[in-house]
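To keep things clear, I will list the structure first and then write my remarks on it.
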Amino acid sequence: MTETSATEFSFLRPLWHHSTLRADHGVEPVVLDRGENIYLWDAQGRRYVDGHASFGSCIVGHGRTEIAQAAYDQMVRGAHLPSVFGCTNEPAARLSHKLLELTGHEGGSVRYATSGSEAVEAALRIAFNYHVNRGEAERRVILSTYGSYHGTTIATMAAPGNVENAHYISDLDVMFRRLPPTPHADERASDSWVATLEATIEEVGPHRIAALLAEPIPASVEGGIRVAHLDHWKKVQTVLRKHGILHITDEVLCGWGRKGTLFGQQHFGVRGDLITLSKGLSSGYFPISARCR
Ligand SMILES: Cc1ncc(COP(=O)(O)O)c(C=O)c1O
């Protein structure tokens, strides 16, 4: 296929994403061709700084041959070594030890999937199961925050409550109870948010709530990043613990060293009961996500 044909609408047509600018919108798309370190080149040879690191994924830069080599070595050893039906494999177990050590969940367990959305789904499922196994099956409500983002599966899209025109997810409004967006770094704003959390728990009934799902450092829909007051998540956890509500910390975007600490929650000195990881986990070299507990 020649470079010219790669930019023609007829060629690009089958690759669809709702936010991809397409030739039929009168905007010529950028056809990305290759990357090296922080740079990307398009099919015309123009160079760009990959300023958002491939949507927060490529945290160690493009073109890392050692990562490609490790993937190659493992792939030629076996295409898919399952970890179900009594099987397991050593590299996956080794990575699990590493993740549990890094997240402070030594002695816990890890479950892998291929996207951040699935990791969040797995965390929701395990939160429900945890309560069922403790004889509290009526805990079916998840507290979430408006303006957050947790993925593209039906449940993860429903969590933030801000997807317009998506009527098919409104049935899940009974599962999610949305709180205001995470406050900015103002102590009074944090206290007011925590008061709203307590009032909401009171209103819904603590015995009906399974978990709070939130990013420790969320990217807000109106743009920008929200870094709450340093004590914010400690105060939140005190309230959650009092009511037996689990804390799911979605580290898919804010994890892997973006705040100086390895994970966003470590900046606030807290540890979620369930942690979701993706993006930087493989630096975008492989579709992998994890849920640690
Ligand atoms: C905080 C957060 N959670 C979950 C997801 C979903 O990840 P994925 O797109 O891999 O499904 C994202 C993606 O941007 C995210 O930023």
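Heads up: the sequence shown begins at 2 in my numbering, then just goes up one per residue. Every residue gets a Cβ at the ideal spot worked out from N, C-alpha and C, and that includes glycine. Remember, predicted model here, so these are calculated numbers, not experimental data.
Secondary structure of N90 (DSSP, three-state): coil. About 16 Å separates the Cβ atoms of L282 and R294, ruling out a contact at the 8 Å cut-off.
E216 has its CB nearer than 7 Å to a heavy atom of ligand 1. When rounded, the separation of the alpha-carbon atoms in L96 and V28 is 43 Å. Straight across, the Cα-Cα distance linking H268 with H168 is about 37 Å. Remark: C-beta atoms of Y113 and A128 do not approach each other more closely than 8 Å.
DSSP places F287 in the coil class of the three-state scheme, outside both helix and strand.
The C-beta separation of L144 from L213 comes to about 4 Å, placing the pair in contact by the 8 Å criterion. Taken through DSSP and simplified to helix, strand or coil, Y131 comes out as helix. Using a Cβ distance threshold of 8 Å, G117 and G152 count as a contacting pair. Distance from the Cα of D187 is smallest, within the candidate group G285, L231, I249, for L231. Looking from the CA of D172, the closest CA among A159, V121, P181 belongs to A159.
Within a 10 Å sphere around the beta-carbon of R179 sit 16 or more other beta-carbons, which makes this residue buried.
In the three-state DSSP reduction, Y147 falls in the coil class, being neither helix nor strand. Listed in chain order, the non-local C-beta contacts of R209 below 7 Å within the same chain comprise E139, R140, R141, V142, local neighbours out to five positions each way being set aside. Taking 8 Å as the cut-off, the beta carbon of L241 is found no closer than this to the beta carbon of Y131. In the same chain as Y40, and ignoring 5 residues on each side of it, the C-beta atoms closer than 6 Å to its own belong to R48, in chain order. When the five nearest sequence neighbours on each side are left out, the beta carbons in the same chain lying within less than 6 Å of the beta carbon of R35 are those of W42, in order along the chain.
DSSP places Y40 outside any alpha helix (DSSP H); the residue lies instead in the beta strand (DSSP E), whose first and last residues are 40 to 43.
The Cβ-Cβ distance between G265 and R259 falls below 8 Å.
Per DSSP, reduced to three states, the secondary structure at H248 is strand. Counting only the Cα atoms, P288 lies some 20 Å from I155. S110 and H81 have their C-alpha atoms roughly 21 Å apart.
Near ligand 1, meaning a Cβ closer than 6 Å to any of its heavy atoms, lie the following residues in chain order: S116, G117, S118, V121, Y150, H151, G152, T153, E216, D251, V253, L254, S279. Bounds of the beta strand (DSSP E) holding I276 are 275 to 278. In this structure L254 touches A220 by the C-beta definition: roughly 6 Å separates them, less than 8 Å. Looking at F177, I218, A190, the one whose alpha-carbon comes closest to that of T201 is F177.
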